[in-house]
């Protein structure tokens with residue numbers, strides 16, 4: 224599993240509340256990614272990071288922000304959650320082209 | 637940016653039959669072509685990949701073929717088994733570009 228964990232694994236929240244998802248890796252990988260997975264859309268890139276304090280937007284970044292203050296942690300924040308952000312969120316690292324995914328976080332916004 | 641399409645979106649085969657999933661892409665600069673498998677409730681995992689200097693690669697019952705001129709590559713699974721039932725994603729990209737664009741996925745069901 225390339226030493227990747229995500230927390231929380233499940234979360235139910237209400238529209239308008241802030242939510243932060245955490246991705247933690249133990250092997251000092253430089254590249255980290257946040258994806259969301261929805262039926263019929265595959266995995267869509269939200270934000271990614273090339274290193275500490277070095278982040279960039281993916282294809283579906285609206286409504287999301289990220290931070291990476293330490294190599295091992297990549298945080299995804301929904302400033303004001305909406306029902307359209309109900310999804311499964313995967314964190315990933317990249318090693319020699321291969322992406323290794325975390326176990327996923329199932330987020331439900333009511 | 638890269639535009640990726642997978643066909644079919646769902647595929648049902650009888651156990652022992654072969655399955656083929658095709659991925660078309662738009663960026664002629666792409667030179668790395670992986671396939672990921674995601675079992676129900678699990679995370680995606682790489683099962684096979686190919687680089688543009690190779691036309692075909694095999695690993696036991698799975699193979700990937702590449703047609704760079706036509707900008708498509710395909711996943712071939714022979715002698716399918718129930719454990720091959722999963723969602724399969726292609727993700728063409730630039731090698732070492734470290735940013736993948738995934739197809740929408742193909743649901744493969746193997747009936748025993």
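Chains as they are written, first to last, in my numbering: chain A, 224 to 333; chain B, 637 to 748.
Virtual Cβ for every residue (Gly too), placed ideally from N, Cα, C.
Just checking: is the beta-carbon of residue i within a distance shorter than 8 angstroms of some beta-carbon in chain A?
i, result
"residue 709 of chain B", "no"
"residue 668 of chain B", "yes"
Taking 8 angstroms as the threshold (beta carbon to beta carbon), is residue i in contact with chain B?
i, result
"residue 326 of chain A", "yes"
"residue 295 of chain A", "no"
"residue 251 of chain A", "no"
"residue 321 of chain A", "yes"
If distances are taken between C-alpha atoms only, which option among the options comes closest to residue i?
i, options, result
"residue 226 of chain A", "A:237, A:280 and A:252", "A:252"
"residue 724 of chain B", "B:639, B:638, B:652 and B:684", "B:684"
"residue 312 of chain A", "A:318, A:319 and A:301", "A:301"
"residue 638 of chain B", "B:712, B:669, B:649 and B:646", "B:669"
"residue 707 of chain B", "B:729, B:682 and B:662", "B:662"
"residue 346 of chain A", "B:657, B:660 and B:671", "Outside the shown range of chain A (224 to 333) lies residue 346 of chain A, about which nothing can therefore be said."
"residue 309 of chain A", "A:267, A:239, A:332 and A:247", "A:332"
"residue 657 of chain B", "B:666, B:643 and B:667", "B:643"
"residue 652 of chain B", "B:720, B:728 and B:692", "B:720"
"residue 699 of chain B", "B:713, B:689, B:688 and B:690", "B:713"
"residue 747 of chain B", "B:705, B:641 and B:718", "B:718"
"residue 242 of chain A", "A:267, A:299, A:259 and A:307", "A:299"
"residue 237 of chain A", "A:273, A:228, A:304 and A:329", "A:304"
"residue 705 of chain B", "B:665, B:675 and B:742", "B:665"
Along the chain, where does the beta strand (DSSP E) that runs through residue i open and close?
i, result
"residue 309 of chain A", "Neither: residue 309 of chain A is in no beta strand (DSSP E) and is coded neither H nor E."
"residue 674 of chain B", "668 to 674"
"residue 747 of chain B", "742 to 747"
"residue 230 of chain A", "227 to 230"
"residue 296 of chain A", "296 to 301"
"residue 333 of chain A", "Element bounds for residue 333 of chain A: n/a, residue is neither H nor E."
"residue 685 of chain B", "681 to 687"
"residue 703 of chain B", "698 to 703"
"residue 710 of chain B", "708 to 713"
"residue 234 of chain A", "233 to 236"
"residue 289 of chain A", "287 to 293"
"residue 738 of chain B", "First-last for residue 738 of chain B: undefined, no H or E at that position."
"residue 678 of chain B", "That residue, residue 678 of chain B, is in no beta strand (DSSP E); it is neither H nor E in DSSP."
"residue 321 of chain A", "321 to 324"
"residue 722 of chain B", "722 to 726"
"residue 692 of chain B", "692 to 695"
- Query: Along the region 679 to 691 of chain B, what residues have a CB closer than 8 angstroms to any CB found in chain A?
  - Reply: Taking 8 angstroms as the Cβ-Cβ cut-off against chain A, the residues of the region 679 to 691 of chain B that qualify are 679, 680, 681, 682 and 685.
- Quick one, which residues of the region 718 to 747 of chain B are near chain A if we go by CB-CB under 7 angstroms, in chain order? Within the region 718 to 747 of chain B, contact with chain A at the beta-carbon level (separation under 7 angstroms) is assigned to 725, 731, 732, 734, 735, 736, 738, 739, 740 and 741.
- Item | Complete runs of the beta strand (DSSP E) confined to the region 241 to 276 of chain A [at least 3 residues] | If we require 3 residues or more, the beta strand (DSSP E) runs fully inside the region 241 to 276 of chain A come out as 242 to 248, 255 to 261 and 265 to 274.
- Query: For the region 262 to 278 of chain A, which residues have a CB atom closer than 8 angstroms to at least one CB atom of chain B, in sequence order?
  - Reply: Residues of the region 262 to 278 of chain A with a C-beta atom less than 8 angstroms from some C-beta of chain B are 263, 264, 265, 266, 267, 268, 271 and 273, listed in chain order.
- Message: Report the start-end ranges of each beta strand (DSSP E) in the region 640 to 670 of chain B that is 3 residues or longer and not cut off at the edges.
- Response: Unbroken beta strand (DSSP E) runs of no fewer than 3 residues, entirely contained in the region 640 to 670 of chain B, are found at 640 to 643, 646 to 650 and 655 to 661, following chain order.
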